[in-house]
Amino acid sequence: MKLKGDPSTTRAMNRRLILNLLRQEGARSRADIASVTGLSPAAVTFVVADLIEDGLLIEGKTVVGSAGRRPIPVDINYANGLAIGFKLMVGSVECVVTDLATNPLGSLRVKLSDSDPDHIIATLAKAVPELISIVDRPAAKLAGIGVSMPGVIDNQKAVCIRSNRYNWDNIPLGPMLAELVDVPVWLEDDTNAYAIAQQLFGLGRQHRNMAVLAIGVGIGCALVFDGKLYRGANGAAGKFGHSSYEENGRLCECGKRGCLMAYYAEPAILRTWREATGHNETDSKVSLMAALADREPRAVAILEEAGHGIGRHLANLVNITDPEVIVVGGEAVSFGDALFGPMRLTLGKNTFRAAPPMLLDWEDNSWARGAAALVTQKLFDFETSAGNAAPLSKPALWSA
Ligand SMILES: [Zn+2]
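Position in the sequence shown counted from 1, then plus 5, gives you the working numbering.
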């Protein structure tokens, strides 16, 4: 007999089919689920009962209208659990606690005094009870923790293979944190985690093929092909910001010279602005935003150049991967049309077919919600890849 967690069983596939339908479409009756999925009514009844028993689905109320009793809808039991998301940054961690649909219920920002792994892991473990205490849901259990950080990640083992920003090599962050907090911990590259959140509940919900561009401290691009995140052979796919922009140019954090992100990630844009105006470091974003609002020519030109520069590389990516949409997030979204106007223009000029729509994500907490989405994704078994490892320990919800 195959185990419950084996993703290749018919039972696991039927569970995934029903959960994904409800995630995309909202509550449905058993009869609707059968007609949309093509499963037999008996199979739907069986799988739904199983998912209700596991606490993953919940029955709605019977509606009695003029046409008599309507069938009882079932929906995903998003309120039954909590997920914590940690987005590691230089000097601080953005922390969020969400329900299982990644709706934020509370957030914190904690400081990091250095990038020593033991210090960071201890800081994360300390934040867990603090986050739980700000949510007033005594019945909801913590289902797990998702951690996102920039780097090359082995997401199955929850190990950071290499992070330039922290100068880490082979740090088993997931297992180390799981030992302290006693819930499953998942680790993912920050842009990939962000893409998973967009795919599950965000702008990518209805799209099977998309590129997710994140412009913040770096420039990353996650790729979703046929509904599945593409990680590459070494977990290093999507390092878009390290495309060569100028030979022997500015030094990049990766140690090479001339990478795209050394020019057009947000800190690099701010550096160009400071060099052009002599503004000091602490007010450079504020002063650039104010100058953009006044259409100050130097500010407009800097963002135009960035838009064209990123757009040209993005066009290459579109020509190679043919996404339905490009979802864009990260701190640089706040530059708005000053950056994305020129980017759309250059993209349109350089793509083989008409350029796909660029959808900007303006939500707060997007990065940390992305980390929390790692929990939802694994808990609900949304990932279709058969190669994904089981959680590091049994999720709290399943032990109920
Ligand atoms: Zn680089």
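C-beta: ideal position from N, C-alpha, C; glycine also.
Tell whether a beta-carbon distance below 7 Å holds between residue i and residue j.
i	j	result
L182	L129	yes
S249	G263	yes
A281	R303	yes
A378	V101	no
V305	T356	no
C165	I150	no
L308	F340	yes
E271	G334	no
L265	I224	yes
N82	L110	no
P155	D195	yes
V190	G207	no
A242	Y235	yes
L205	A216	no
I63	D80	yes
P65	A106	According to the sequence as given, residue 65 is Gly; it is not Pro. Cβ atoms of G65 and A106: not closer than 7 Å.
V133	V186	yes
V380	A88	yes
W278	L297	no
Taking all protein chains shown into account, decide if residue i is buried (16 or more other Cβ within 10 angstroms of its Cβ) or exposed.
i	result
D104	buried
S404	At S404, the pLDDT of 30 sits below 50, so the modelled position is not reliable; the number obtained from the coordinates is stated separately. It is exposed - the Cβ of S404 has fewer than 16 other Cβ atoms within 10 Å.
F245	buried
L256	exposed
R114	exposed
R213	exposed
G260	exposed
H318	buried
D121	exposed
V53	buried
V338	buried
S97	exposed
H124	exposed
E193	buried
V95	exposed
K92	buried
S138	exposed
R210	exposed
G283	exposed
R20	buried
Q29	exposed
E99	buried
A198	buried
K354	exposed
E258	buried
K383	buried
N321	exposed
A163	buried
I325	exposed
N367	Correcting the residue type first, residue 367 is Trp in the shown sequence and not Asn. Per the 10 Å Cβ criterion, exposed.
A373	buried
A36	exposed
Let me check one thing: in DSSP terms, what residues is residue i bridge-paired to?
i	result
C226	L218
D37	None, per the DSSP bridge assignment.
C264	S249
A90	Inspection of the sequence shows that residue 90 is occupied by Gly rather than by Ala. Answer is V101 and G151, bridged to G90.
A111	First, the residue type needs correcting, since residue 111 is Gly and not Ala in the sequence shown. According to DSSP, G111 bridges with V102.
W191	G151
I81	L62
I176	C165
I331	A216 and M363
K146	G86
V157	R167
L234	V229
K116	S97
L256	R262
How close, in whole Å, do the beta carbons of residue i and residue j come, if the pair is a contact with beta carbons under 8 Å?
i	j	result
I331	P361	6 Å
L26	V41	6 Å
S45	I77	Not a contact, Cβ separation roughly 19 Å.
S112	N370	6 Å
I201	G375	7 Å
V157	N239	7 Å
V145	N85	Before going on, a small fix: residue 145 reads as Ala here, not Val. Indeed they touch by this definition, with Cβ atoms about 6 Å apart.
A17	D386	7 Å
L352	A311	At roughly 13 Å, the Cβ-Cβ gap does not stay under 8 Å, so L352 and A311 are not in contact.
A273	G254	11 Å between Cβ atoms; not a contact.
**Asked** What does the shell around ligand 1 hold, if a residue joins when its beta-carbon is under 7 Å from any heavy atom?
**Response** G246, H247, C257, E258, C259, K261, C264, M266 and A267
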